[in-house]
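Under the working numbering, think of the first position of the sequence shown as 932, with each following residue one higher. To keep things clear, I will list the structure first and then write my remarks on it.
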Amino acid sequence: MVTESKGKIGVLIEEHFDPFEFRAFNKYFPQQGYEVEYISYLWGNKEITFNSNSEDGVIKEHVTVTTDVSDLNPADYRAIICIGAYAMDRLRYQEKVKKGAPNNAPAVVFIRKVMQEPNVKIGVICHGLWLLSAADILKDRKVTCAHNILSDIEDAGAEIIYENDLAADLVIDGNLITGRHPDLVDKFMDAVVKEVEKKQRSLHAAMLR
932 MVTESKGKIG VLIEEHFDPF EFRAFNKYFP QQGYEVEYIS YLWGNKEITF
982 NSNSEDGVIK EHVTVTTDVS DLNPADYRAI ICIGAYAMDR LRYQEKVKKG
1032 APNNAPAVVF IRKVMQEPNV KIGVICHGLW LLSAADILKD RKVTCAHNIL
1082 SDIEDAGAEI IYENDLAADL VIDGNLITGR HPDLVDKFMD AVVKEVEKKQ
1132 RSLHAAMLR
């Protein structure tokens, strides 16, 4: 039986994305009733096929993206997720730079818009906070992330939450949900869905008042 979609979850992606997270997103979110749409900056192309990091020397996952961040309204999504591995580092690349100017890579501009949209949740796992650090929107936000980018994220002004000599598995700070490692993707996805549905219930209740 086909059920009505609960809405779209957009996943920002680029070359060298995490294949484990990719497979998990494709399975779990549709099971919960959400469409998964992969989005990126397409450099003027109609589509680009991106490849995952290799596993045992083999690149196993590929995704063809046709949706460009330059054309998107964040309010069309229930959540935007930044996938892990090196994809978000690539998305913050600027072709031209100017001293003293903020990073204006298209994906960076987009994630700033997402952070200002009160009804959209932002999920970031592993290395994904690289994109948000370039957007200069992490000051005083509580987060977790991969251990090898802790200093980058602290330098961006975020407060990293620690538990038992590790960065925390999961941190929820308002509209921002962060997960430390791909091994924790199930816990991360569950938190994203719960936060999305909590927000939808509150919006529905407000409409009934």
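Glycine is no exception: its CB is placed at the ideal position from the N, C-alpha and C atoms.
| said: I need the boundaries of the beta strand (DSSP E) containing V1055, first residue and last residue. | reply: Looking at the DSSP string, the run of the beta strand (DSSP E) that includes V1055 is 1052 to 1056.
| So what's K1118 in DSSP terms, helix, strand or just coil? | helix
| Start and end of the alpha helix (DSSP H) containing V1039? | 1037 to 1046
| said: Rounded to the nearest angstrom, what separates K1141 and I979 at their Cα positions? | reply: Because the chain is modelled from 932 through 1140, residue 1141 falls outside the range shown and cannot be assessed.
| request: Buried or exposed for A1136, please, with buried defined as at least 16 other CB atoms from any protein chain shown within 10 angstroms of its CB. | output: exposed
| message | So if DSSP puts N1106 in a beta bridge, which residue, or which two residues, is it bridged to? | response | Among the bridge pairs identified by DSSP, N1106 is matched with none.
| When DSSP labels each residue in this structure, what does A1032 get in the three-state scheme? | coil
| Are the beta-carbon atoms of I1012 and G1054 separated by less than 8 Å? | yes
| Is V933 helix, strand or coil when you go by DSSP? | Confidence at V933 is low in this model, with a pLDDT of 48, below 50, so its placement is unreliable and no value can be given for it.
| Cβ neighbour criterion (16 or more within 10 Å) applied to K1027 | So K1027 counts as exposed.
| query | Looking only at its own chain, which residues have a Cβ that is under 6 Å from the Cβ of L1060, when we skip the five neighbours before and after it? | reply | C1076, I1084
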